[in-house]
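Notes to accompany the following structure.
In UniProt numbering, the protein residues as written are 1 to 637.
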């Protein structure tokens with residue numbers, strides 16, 4: 001058989017052999033280090049026996065796919081450690097997740113923080129033992145019998161859900177056996193850098209009617225250095241936690257009376273409205289019109305859109321006059337109705353329709369997380385209706401608008417990913433090819449690099465995802481440009497073409513902020529609460545040294561407000577040192593103005609900027625002119 005490697009070299013093997021043998025033919029170190037192999041694009045264990053011509057790539061531990069394999073294997077390692085330390089504990093499932101892994105257990109007694117330390121130490125011992133990890137197969141019936149003997153009723157329940165006659169794959173490491181598709185590392189010695197994070201409650205199969213299990217979370221990386229770097233990043237992220245800063249900065253709060261429904265306070269509303277006002281202004285410049293659609297619509301609409309059948313468990317429903325209604329989880333169907341309300345010709349296209357719509361989605365309480373995961377949020381949706389010929393030019397316009405916000409306003413670096421046609425999809429080959437070519441063509445035209453995610457598009461069209469990188473290197477998926485061939489078809493949306501006939505428009509869904517609430521959470525953590533002057537809820541705080549300074553300080557505040565500056569006065573009888581520490585330390589005000597006897601006599605101000613010990617005296621009129629300029633929203637070239 002002929003094996004083609006990543007570098008293009010081809011090697012012949014006389015008989016079938018496993019991936020270790022093939023790797024060893026290149027080098028012993030490769031065979032020792034590789035954690036998995038990719039055969040014709042599919043991941044396999046290193047023990048997999050290859051018996052046909054193929055393209056082969058070996059997966060190194062430091063690669064994205066390699067770390068994924070390590071994390072999945074770390075979940076199995078943790079389950080083995082738990083069973084060794086706490087006999088009688090029942091195991092359920094344990095996948096890899098971002099930065100790590102988890103496993104759900106049903107223990108005799110609840111795990112404690114001390115138990116986590118013991119489990120972590122046992123995992124490290126198992127790693128040093130370098131136990132071989134072996135894949136083997138059993139029939140569904142054999143597997144049920146095997147796990148029933150062990151008393152592992154959760155595994156039995158999972159296996160019983162699988163069709164009769166199926167052959168199932170299992171992994172054995174020492175005394176521990178788990179049902180799994182894999183792939184996994186060749187031996188436990190490949191799992192070198194782990195740290196258990198926390199233990200939390202989780203319902204079996206995510207259903208609150210089922211038993212509450214204990215979920216242990218852990219981190220896993222290819223090397224100790226990678227793990228240490230990540231833990232350092234987590235320390236910094238904890239300091240920037242938007243939930244903590246949101247409370248300290250008096251921006252928003254969350255209440256037990258409405259889990260997942262954030263309350264915005266006055267300062268938070270200033271931040272929110274600044275983002276919204278800017279969004280509206282920039283969209284008006286870019287040729288968008290704005291609409292507002294109802295928050296609640298009846299069942300018939302959601303049946304037409306498909307949400308009633310495919311998304312109902314995430315929707316809040318009610319009955320009014322014996323008719324089923326649902327609060328909208330998405331703005332799109334309402335946007336389509338608004339466009340369809342009037343007859344359109346080809347001369348009206350492209351039609352760019354924007355909506356800041358509040359949507360509600362039912363999220364499990366365990367998934368809620370500050371502003372990042374809520375049950376009600378405002379989506380900055382826009383829908384563009386156009387001809388097939390207009391796709392590329394409209395994509396270019398949207399990408400430029402997204403870049404204006406991300407790069408030129410906030411200074412974010414970002415990456416773009418193009419997701420192409422999945423196996424199951426609607427629409428002709430021709431329209432898919434045209435749409436994918438238009439997305440790629442727009443990015444090429446703009447000179448943008450992008451990653452292709454083959455088969456990751458929605459069933460109704462390809463898409464572009466925009467992932468921003470924050471100040472501490474984390475990535476956040478915010479912007480999306482999604483082509484849709486589905487909703488125009490479902491709602492029978494048409495326009496009259498040059499030929500006088502009705503034609504189906506192509507539709508784009510696109511967001512820039514995504515969820516405004518989530519974007520605010522990202523900004524809080526990105527800036528660590530120290531917002532730039534144009535965005536800060538309070539831009540300037542005027543601090544008085546004593547009561548004699550209050551009159552002049554009030555005059556300054558009034559003049560600042562007349563210029564549209566968000567200014568506050570602190571004339572409390574606290575020491576000036578305390579006032580500065582509070583304005584600078586807690587509230588992170590971009591600029592503090594200190595007023596004492598000297599400033600009154602000279603009609604000056606004493607300026608101190610956030611994060612700086614330096615002070616600067618300035619004539620009042622010069623100061624007002626400077627501040628007016630500094631507070632302007634600036635897009636960088």
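Don't be surprised by glycine CBs; every beta carbon is placed ideally from N, CA and C.
- In terms of Cβ geometry, residue 20 and residue 31 form a close pair [threshold 8 Å].
- Counting only runs of at least 4 residues, the stretch 272–326 fully encloses the following alpha helix (DSSP H) elements, listed from N- to C-terminal order: 299–305, 307–310.
- Using a Cβ distance threshold of 8 Å, residue 419 and residue 456 count as a contacting pair.
- With respect to the 8 Å criterion, residue 536 and residue 580 are not classified as neighbours on the basis of their beta carbons.
- When C-alpha distances from residue 342 are compared across 137, 495, 97, the shortest belongs to 495.
- Judged by beta-carbon spacing, residue 50 lies within the 8 Å limit of residue 16, meaning their Cβ atoms are closer than that value.
- Rounded to the nearest whole angstrom, the C-alpha separation of residue 604 and residue 266 is 31 Å.
- Taken through DSSP and simplified to helix, strand or coil, residue 109 comes out as coil.
- In this structure, residue 483 keeps its C-beta atom at 8 Å or more from the C-beta atom of residue 520.
- Distances from the CA of residue 363 to each of 356, 373, 354 were compared; the closest alpha carbon is that of 373.
- For the 8 Å CB-CB criterion, residue 383 and residue 335 form a contact.
- In the structure shown, residue 17 falls within a strand segment according to DSSP collapsed to helix, strand and coil.
- Along the stretch 187–256, the alpha helix (DSSP H) occurs as fully enclosed runs of 4 or more residues at 224–239, 242–248, listed in sequence order.
- For residue 185, there is no enclosing alpha helix (DSSP H), since its DSSP letter is neither H nor E.
- Out of 113, 82, 26, 571, the CA that lies nearest to the CA of residue 542 is found in 571.
- Shown here, residue 69 sits in a helix according to DSSP, grouped into three states.
- Membership of residue 594 in the beta strand (DSSP E) is indicated by the continuous run 591–595.
- In the three-state DSSP reduction, residue 45 falls in the coil class, being neither helix nor strand.
- When the Cα atoms are used, residue 312 and residue 445 turn out to be separated by approximately 40 Å.
- Within its own chain, the residues whose Cβ lies closer than 6 Å to the Cβ of residue 72, once the five positions on either side in sequence are excluded, are 96, listed in chain order.
- Between the stretch 117–126 and the stretch 81–92, the count of Cβ pairs shorter than 8 Å is three or higher; the stretches touch.
- Sequence-distant partners of residue 295 (beyond 5 residues in either direction) whose C-beta falls short of 7 Å from its own C-beta, in its chain, are 327, 328, 358.
- By alpha-carbon distance to residue 599, the top candidate from 216, 321, 548 is 548.
- Separation of residue 591 and residue 637 (C-alpha to C-alpha, rounded to the nearest whole angstrom) is 25 Å.
- Under the three-state reduction of DSSP, residue 461 is assigned to strand.
- Between the stretch 259–274 and the stretch 295–310 there are fewer than three C-beta pairs closer than 8 Å, too few to call the two in contact.
- Annotated as proximal: residue 472 and residue 233, with beta-carbon spacing under 8 Å.
- A residue is called buried when at least 16 other Cβ atoms come within 10 angstroms of its Cβ; residue 248 does not meet this threshold and is exposed.
- Restricted to the stretch 471–502, the beta strand (DSSP E) segments that are unbroken, complete and at least 3 residues in length are 475–484, listed in chain order.
- Around the beta carbon of residue 526, 16 or more other beta carbons lie within 10 angstroms, which makes this residue buried.
- Rounded to the nearest whole angstrom, the C-alpha separation of residue 177 and residue 60 is 25 Å.
- Residue 357 has 379 as its beta-bridge partners, per DSSP.
- Secondary structure of residue 80 (DSSP, three-state): helix.
- From the listed residues 240, 275, 197, 165, the smallest Cα separation to residue 219 is found for 197.
- Taking C-beta atoms as the reference points, residue 563 and residue 632 fail to come closer than 8 Å.
- In the three-state reduction of the DSSP assignment, residue 414 falls in the strand class, which pools E and B.
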